[in-house]
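Chemist: Quick one: structure below, then a few questions.
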Amino acid sequence: MEEFDTTDVREKHRFSQAALVSFLSASLPGFPLTSPEPLTIRQYRSGQSNPTFFLKKGPKQYVLKKKPHGPLLPGAHRIDREYRVQMALFAAGFPVPKPLLYCKDAAVIGTEFYVMEHVQGRIFRDSTLPEVSPAERSALYVAAIEMLAQLHSFNLNALNLQGYGRGTGYCKRQVLTWKTQYERAANVEIPAMKQLSDWLINNLPANDNEEKLSHGDFRMDNIIFHPREARVLAVLDWELSTVGNSIADLAYFTAPHVWPSGLQFLTHTSYASLQNVEGIPSLEELISIYCRCRDIQTSLPNWNFFLALAFFKVAGICQGIYARYLLGNSSAEDAYKFAEMVEPLAENGLQLAKRAVAAPEAPVSIAGELFLQSTKGKKILQQVKNFMNQHVFPAEQEVIEYYAKYESSQLRWKKPLIIDKLKEMAKAEGLWNLFLPAVSGLSQADYALIAEETGKCFFAPEIFNCQAPDTGNIEVLHLYGTEEQKKKWLDPLLKGEFQSCFCMTEPDVASSDATNMECSIKRDGDSYIVSGTKWWSSGAGNPDCKVAIVMGKTGNSPGQSNSLSKYRQHSMILVPLETPGVKIVRPLKVFGYDDAPHGGHFEIHFHQVRVPVSNIILGEGRGFEIAQGRLGPGRIHHCMRTIGLAERALQIMCERAAKRKTFGKKLYEHEVVAHWIAECRIAIEQARLLTLRAAKSIDTVGSAAAKKQIAMIKVVAPRMACKVVDYALQVCGAAGFSQDFPLALILLAVYSQKTLSSPCKYCSNSYRFTYARSLRIADGPDEVHLSAIAKMELMDQAKQLAAKM
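Sequential numbering of the sequence shown, starting at 1, is according to full-length UniProt numbering.
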């Protein structure tokens with residue numbers, strides 16, 4: 001509910017402000033009586049039925065909803081029902097604004113009203129969502145349809161809403177209700193409305209006995225979304241809610257997918273044609289997601305009836321709005337226009353009815369119906385595959401030979417010229433910053449499969465400016481950075497002008513519990529002073545690395561740390577590496593390798609490093625909040641790249657098994673080797689599906705709500721990769737452990753028979769094993785994630801048990 005979506009209170013809806021203040025002062029707990037500011041009242045532009053108002057007094061913000069004044073249609077505008085259902089849903093944990101009080105005394109402001117908490121977020125008045133990227137459109141629609149499925153999964157007894165509606169016979173009552181409402185409001189005869197109502201009453205579903213809580217007006221502009229995430233914060237406008245058939249809600253929500261061609265509803269409303277709008281899931285996809293969430297079949301009987309009913313209902317609502325305009329009590333500024341919408345809506349409903357169509361079956365994807373790629377995602381994935389095959393894989397030998405040549409030289413930290421050349425080529429083709437939805441227009445689920453592809457070559461992510469830790473740092477600055485920080489650091493990182501590192505882990509404490517971190521960030525006038533030791537700071541050895549994001553403790557001054565939660569004592573700050581006091585001490589080796597091509601993993605000392613106050617990110621005490629936002633998408637990318645690595649190791653194993661003989665037969669003919677190959681394929685597929693599920697969860701509910709899925713993939717993907725590479729080592733024998741074993745076998749067919757003349761650590765299975773094995777420690781050991789997963793699973797099970805009681 002945004003304040004800017006309001007106007008001055010319209011003349012015909014004005015009421016006594018003094019009477020309202022007096023009533024709220026006496027009846028509303030927490031109402032700021034002592035605030036010197038007067039009560040501000042603004043009227044929302046939306047709200048075609050019951051006038052809705054934004055209230056502000058001092059620091060408190062509320063929303064008031066009231067009946068319209070004057071004569072009303074019988075049975076309409078039951079705001080007491082809205083208040084009751086919101087009370088029940090809020091108590092059950094369903095996202096609705098918290099209801100605060102109900103006033104049935106019309107003498108206070110002229111009609112009954114109720115007050116609820118103000119929810120700050122995004123409301124989209126245009127169902128095509130033109131203000132967001134295609135990837136976010138998809139995520140927002142998925143979040144909405146999943147919320148509708150959750151609503152329809154409630155047990156009415158558990159909600160204590162017995163008697164809220166009449167239950168069975170819902171469809172017949174709906175047809176008769178809207179027929180009666182229309183006839184009472186009609187000012188001219190519209191034959192299509194009579195024909196449609198006759199068809200509906202003659203084609204009622206045979207088994208109309210479902211009793212689910214139905215919203216009655218579930219659409220995009222009745223939903224408040226999180227300011228940054230595709231997550232539902234509140235569902236609004238429960239005036240039409242009742243008990244009945246849930247599929248009527250689904251048809252009503254998806255009606256814009258079959259909207260009359262060329263018909264625009266009205267400004268400040270949700271409905272508009274969704275045909276050919278990039279990013280919005282198809283009707284088939286929305287039905288698939290809804291049915292999967294409710295665990296019901298995607299083939300929905302009487303689907304044409306429910307679509308026709310939706311258009312009959314919308315047409316009836318339009319006629320009612322126009323009737324209130326004629327009576328002089330409409331809430332809409334442009335209510336006179338609604339009359340012209342009735343006939344085309346009725347005609348479209350009649351056409352849908354006569355098609356006698358069933359709900360379309362959901363499409364099937366090779367990655368499972370939950371993880372359908374968008375059209376744009378499929379296109380870019382294919383472009384990346386083509387670029388990898390044409391340019392990256394053929395350059396791999398040149399890059400390998402460069403690092404072999406300079407293995408003991410400082411030049412090993414620099415990039416060979418071929419990498420810069422490939423980066424320019426990728427940028428020219430638009431294959432740049434693909435990991436960032438706001439730039440690429442891709443969802444996390446889209447990019448996950450791209451990350452897998454780039455994971456098949458150790459330097460490929462950098463070619464597309466998708467390398468860690470820059471991806472995570474860019475996400476932090478994009479989500480939480482100030483305009484000054486974005487201009488100075490984010491824009492150059494997005495352009496690839498320099499790179500960055502991330503400093504979190506410390507050598508002197510158990511960093512698996514990040515609250516242990518002791519690096520201090522102390523305020524000193526217009527500066528912060530950073531002091532402490534960090535290690536495993538990936539990328540710090542890169543000559544192009546110019547800035548670090550450092551996590552340290554700000555809530556550690558005397559008397560302060562005890563008053564703050566341990567999760568509010570740490571902050572993140574930008575520290576240019578050229579700042580006096582920053583000392584890059586040494587590269588840390590991973591099983592004997594310093595990971596030079598990726599900038600290594602360094603120990604860095606910060607000794608009284610002074611940086612401007614403006615370098616703090618988001619504010620003091622927000623470090624853990626930022627870390628969760630950073631690590632969620634980053635772990636998706638990391639795990640998918642690991643899956644790409646495992647795919648290459650499996651290729652090595654299969655090719656070796658097909659070429660080598662022992663005891664008179666090929667290696668793959670030995671049952672144990674055949675079983676290894678099968679187990680590797682199963683493990684890779686399982687890890688991929690779990691990671692894609694986590695990616696989809698981030699797209700739909702955000703990193704915080706998807707933390708269990710993220711923790712699971714952090715455990716599964718490295719374990720899987722270690723298993724695959726370990727089997728590959730066994731199949732390759734002693735050669736697999738040596739630096740002389742070539743990885744040329746994993747290249748394209750033209751390289752399949754080729755042996756690299758220059759031995760290098762990057763072409764050994766042992767390097768791949770050590771890399772994959774180290775992931776079981778990076779970002780926290782498996783044991784920490786397993787404990788967190790167990791706690792979250794116990795909580796989820798407890799919630800499910802409580803919901804059934």
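Cβ atoms here follow ideal geometry from the backbone N, Cα and C, with glycine treated the same way.
What does the alpha-carbon distance come out to for the pair aspartate 5 and phenylalanine 124?
Modeler: When rounded, the distance between both Cα atoms is 11 Å.
Chemist: Check this for me: beta carbons of alanine 143 and leucine 442, under 8 Å apart or not?
Modeler: No, they are not a contact pair.
Chemist: Which same chain residues, not among the five before or five after histidine 391, have their C-beta less than 7 Å away from its C-beta?
Modeler: Around histidine 391: Leu422, Met425.
Chemist: How would you label glutamate 518, buried or exposed, when you count the other beta carbons within 10 angstroms and need 16 or more for buried?
Modeler: Exposed is the call here.
Chemist: Here's a check: name, in chain order, each residue in its chain whose Cβ is nearer than 8 Å to the Cβ of threonine 579, leaving out the five neighbours to either side.
Modeler: Correct list, in chain order: Val609, Arg610, Val611.
Chemist: Bridge partners for threonine 52 per DSSP, in chain order?
Modeler: Paired residue(s): Lys65.
Chemist: May I ask which residues mark the beginning and end of the alpha helix (DSSP H) holding methionine 87?
Modeler: Start and end: 79-92.
Chemist: As an exercise, report each continuous alpha helix (DSSP H) stretch of at least 4 residues that is fully enclosed by the stretch 490-546, in chain order.
Modeler: Runs of the alpha helix (DSSP H) inside the stretch 490-546: 491-495.
Chemist: Shortest alpha-carbon distance to histidine 670 belongs to which of Glu82, Met795, Arg656?
Modeler: The option with the nearest alpha carbon to histidine 670 is Arg656.
Chemist: Let me know if glutamine 373 comes out buried or exposed under the rule of 16 or more other beta-carbons within 10 Å of its beta-carbon.
Modeler: With 16 or more other Cβ atoms within 10 Å, it is buried.
Chemist: Once DSSP output is grouped into helix, strand and coil, what is the label at glycine 481?
Modeler: Looking at glycine 481 - three-state DSSP - the assignment turns out to be coil, as it is neither helix nor strand.
Chemist: Quick check on DSSP: helix, strand or coil for alanine 206?
Modeler: Here alanine 206 sits in coil by DSSP.
Chemist: Taking Cβ positions, are residue 874 and asparagine 155 nearer each other than 8 Å?
Modeler: Outside the shown range of the chain, which is 1 to 805, sits residue 874, and nothing can be said about it.
Chemist: Suppose contacts are defined by Cβ-Cβ distances below 8 Å. Is glutamate 229 in contact with glycine 702 by that definition?
Modeler: Yes, the Cβ-Cβ distance between glutamate 229 and glycine 702 is below 8 Å.
Chemist: Near glutamate 82, what residues of its chain come up, given a Cβ to Cβ distance below 6 Å and the 5 sequence neighbours on each side ignored?
Modeler: For glutamate 82, where only same-chain residues beyond five positions count, the Cβ hits under 6 Å are Trp238, Glu239.
Chemist: Can you look up leucine 151 in the DSSP assignment and give me helix, strand or coil?
Modeler: The answer is helix: DSSP assigns leucine 151 an H, G or I state.
Chemist: I need the straight-line Cα distance from aspartate 526 to threonine 515, nearest angstrom please.
Modeler: Rounded to the nearest angstrom, the two C-alpha atoms are 26 Å apart.
Chemist: Give the straight-line distance between the Cα atoms of tyrosine 349 and leucine 200, rounded to the nearest whole angstrom.
Modeler: The sequence shown places glycine at residue 349, not tyrosine. For glycine 349 and leucine 200, the distance between alpha carbons rounds to 10 Å.
Chemist: Considering only the beta carbon of each residue, do alanine 315 and lysine 696 sit closer than 8 Å?
Modeler: The answer is no: Cβ separation not under 8 Å.
Chemist: Taking the beta carbon of glutamate 453 as the centre, do at least 16 other beta carbons fall within 10 Å, making it buried, or is it exposed?
Modeler: Buried, by the Cβ-count rule.
Chemist: Kindly list the residues whose CB is nearer than 6 Å to the CB of glutamate 347, restricted to its own chain and excluding five residues on each side of it in sequence; keep chain order.
Modeler: Cβ within range, chain order: Ala192.
Chemist: Thinking leucine 588 and histidine 601 are a contact (beta carbons under 8 Å), I'd like their distance in whole angstroms, please.
Modeler: About 5 Å; that satisfies the 8 Å criterion.
Chemist: Quick one: give me the first and last residue of the alpha helix (DSSP H) that glutamate 462 is part of.
Modeler: Taken as a continuous stretch (DSSP letters only), the alpha helix (DSSP H) holding glutamate 462 covers 460-463.
Chemist: Could you tell me the alpha carbon to alpha carbon distance between leucine 479 and glycine 496, rounded to whole angstroms?
Modeler: For leucine 479 and glycine 496, the distance between alpha carbons rounds to 19 Å.
Chemist: Beta-carbon within less than 6 Å of lysine 60's beta-carbon, same chain only, minus the 5 sequence neighbours each way: which residues are those?
Modeler: Cβ within range, chain order: Pro32.
Chemist: Along the beta strand (DSSP E) that carries valine 585, what are the first and last residues, could you check?
Modeler: 582-587 is the span of the beta strand (DSSP E), which, as asked, contains valine 585.
Chemist: Using CA atoms only, rank isn't needed, just tell me which of Ala92, Ala788, Ala683 is closest to isoleucine 710.
Modeler: The option with the nearest alpha carbon to isoleucine 710 is Ala788.
Chemist: Return helix, strand or coil for glutamine 608, following the three-state DSSP convention.
Modeler: Strand, per DSSP.
Chemist: Where do the ends of the beta strand (DSSP E) carrying proline 99 lie?
Modeler: Start and end: 99-103.
Chemist: Using CA coordinates, which residue listed in Val63, Arg42, Gln86, Lys714 is at the minimum distance from leucine 24?
Modeler: Nearest option by C-alpha distance: Val63.
Chemist: Where do the N-terminal and C-terminal ends of the alpha helix (DSSP H) with threonine 180 fall, by residue?
Modeler: Its alpha helix (DSSP H) spans residues 170-185.
Chemist: Measuring alpha carbon to alpha carbon, tell me which residue in Gly93, Thr52, Phe253 is nearest glutamate 145.
Modeler: In the sequence under discussion, the amino acid at residue 145 is isoleucine, which differs from the glutamate named in the question. Nearest C-alpha to isoleucine 145: Phe253.
Chemist: So valine 108 packs on leucine 39, CB below 8 Å; how close in whole Å?
Modeler: About 14 Å separates the two Cβ atoms, so there is no contact after all.
Chemist: Distance check for glycine 58 and threonine 34, CA to CA, integer angstroms please.
Modeler: Cα to Cα, threonine 34 sits roughly 9 Å from glycine 58.
Chemist: Between which residues of its own chain and lysine 522 is the CB-CB distance below 7 Å, once the five residues before and five after are set aside?
Modeler: Hits under 7 Å: Tyr528, Ile529.
Chemist: Could you tell me which residues DSSP pairs with isoleucine 661 in its beta bridges?
Modeler: Here residue 661 turns out to be lysine, not isoleucine, going by the sequence shown. Answer is Lys666, bridged to lysine 661.
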